[in-house]
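Student:
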Amino acid sequence: MKLAFAATLTISVLALSACSVPTAPPSASSLDTLFTHPVGRSGATRVPSGADVSLGIVYSPGTQTNRQYLRDYQANAGTGFGQSLLVQPIHDAYVATSKPDMAVDWMTASLKRRFGSVTVYPDMQSLRAARPDVTAIIETRSQLITSRSSDIRSDASADFYDAKFNYIGTAKGTDAKALSPLWADYKRTDDIVADIREQQEVQVRALQKFDRSLSNLLGGAADSVSMLDTRQAQKLY
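The sequence shown begins at 1 in the numbering used here and counts up by one.
1. Specify the secondary structure class of LEU182 as computed by DSSP and reduced to three states.
2. Pick from VAL104, ASN166 and VAL87: whose alpha carbon is nearest that of ARG67?
3. Quick one: what does DSSP say ILE145 is sitting in, helix, strand or coil?
4. Would you kindly check if the distance between the Cβ of THR170 and the Cβ of SER154 is under 9 Å?
5. Based on Cα-Cα distance, which residue from ALA51, SER98 and LEU218 lies nearest to TYR161?
6. Kindly indicate which three-state DSSP category SER126 falls into: helix, strand or coil?
7. For LYS99, which of helix, strand or coil comes out of DSSP?
8. Can you give me the Cβ contacts of THR140 inside the same chain, cut-off strictly under 6 Å, excluding the 5 residues immediately before and after it?
9. Would you give the residue range spanned by the alpha helix (DSSP H) that ALA194 belongs to?
10. Does the Cβ of THR45 have 16 or more other Cβ atoms within 10 Å, making it buried, or fewer, making it exposed?
11. What residue range does the alpha helix (DSSP H) around ASP162 cover?
12. Name the residue from VAL118, ASP123 and THR146 whose alpha carbon lies nearest to the alpha carbon of ASP133.
13. Could you tell me the distance, in whole angstroms, from the CA atom of ILE138 to the CA atom of ASP92?
14. Let me know the secondary structure DSSP gives THR23 once reduced to three states.
15. THR135 and VAL120: beta carbons closer than 9 Å?
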């Protein structure tokens, strides 16, 4: 009887505390805010790379919003009303699976293996002044567990432009998973923690797909890669 009560209490506190968890920002293209004029299409069939190519990176406004969403999620998940009753493993799982810079750090590291020099600039004005050989606009978005939804999703992409800021192509990765509600009566603490940790697994799979797409983009035609990625995504989801 005591065990059943404890399990019910854990679930109830989880549902109450999850109300303070931020919801994911809406999905929307934010690249138009970075360019003051229409972007043309580059004549290049692939993104130039190698030890003699410099790459400049700018995080899109959407990426900046997503990083703040993850900071808020990490700070608030598992807190709020009843936080003193929430078991520590659940709180720790929320925090461990909402790292604000996981995606951008992964993507930057992947790009550093492909280019001679890689620099992250705070804005397009700084990047334009530096005049790198290639520009990459990084876009990331995460949708994590809330009290209203256990559907999780992660998107990561990099749009590449040549030295004249003409578009070359995009490398991207997406992954998603629908879980049963965390507050279901039958779930134990271990089950809840396992579900929460799926958030990080989804992020990792999306980033692995980004790496494969990046390899294809650097080695072949950009249009073919985009079409291939779309078909693969439709099969997976």
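Glycine included, C-beta positions come from ideal geometry on N, C-alpha and C.
Note that the structure is a prediction, hence the values are computed from the model and not measured.
Tutor: Judging by the given coordinates:
1. By 1-based counting over the sequence shown, the position of residue 182 is 182. Coil, per DSSP.
2. Along the sequence shown, one-based indexing puts residue 67 at 67. Of VAL104, ASN166 and VAL87, the residue nearest in Cα terms is VAL104.
3. As a working note, residue 145 is residue 145 in the sequence shown. Residue state, collapsed to three classes: coil.
4. Here the question's residue 154 lines up with position 154 in the sequence shown. Here the question's residue 170 lines up with position 170 in the sequence shown. No, the pair does not count as a contact, with Cβ atoms beyond the cut-off.
5. Here residue 161 refers to the residue found at position 161 of the sequence shown. Ranking the options by Cα distance to TYR161, first place goes to LEU218.
6. Within the sequence shown, the letter at position 126 stands for residue 126. Correct three-state label for SER126: helix.
7. Working through the sequence shown from its first residue, we reach residue 99 at position 99. Correct three-state label for LYS99: coil.
8. By one-based count along the sequence shown, residue 140 stands at place 140. Around THR140: THR63, ASN66, ALA103 and ALA156.
9. By 1-based counting over the sequence shown, the position of residue 194 is 194. Where ALA194 is concerned, the enclosing alpha helix (DSSP H) stretches over 189-219.
10. Counted from its first residue, the sequence shown places residue 45 at position 45. Exposed is the call here.
11. Here residue 162 corresponds to residue number 162 of the sequence shown, with the count starting at 1. Here ASP162 belongs to no alpha helix (DSSP H), and DSSP marks it neither H nor E.
12. Locating residue 133 in the sequence shown gives position 133, where the first residue counts as 1. It is VAL118 whose Cα lies nearest to the Cα of ASP133.
13. In the sequence shown, counting from the first residue as 1, residue 138 sits at position 138. In the sequence shown, counting from the first residue as 1, residue 92 sits at position 92. Rounded to the nearest angstrom, the two C-alpha atoms are 28 Å apart.
14. For the purposes of this step, residue 23 is identified with residue 23 of the sequence shown, where counting begins at 1. Three-state result, THR23: coil.
15. The count along the sequence shown starts at 1 and reaches residue 135 at position 135. The count along the sequence shown starts at 1 and reaches residue 120 at position 120. Cβ atoms of THR135 and VAL120: not closer than 9 Å.
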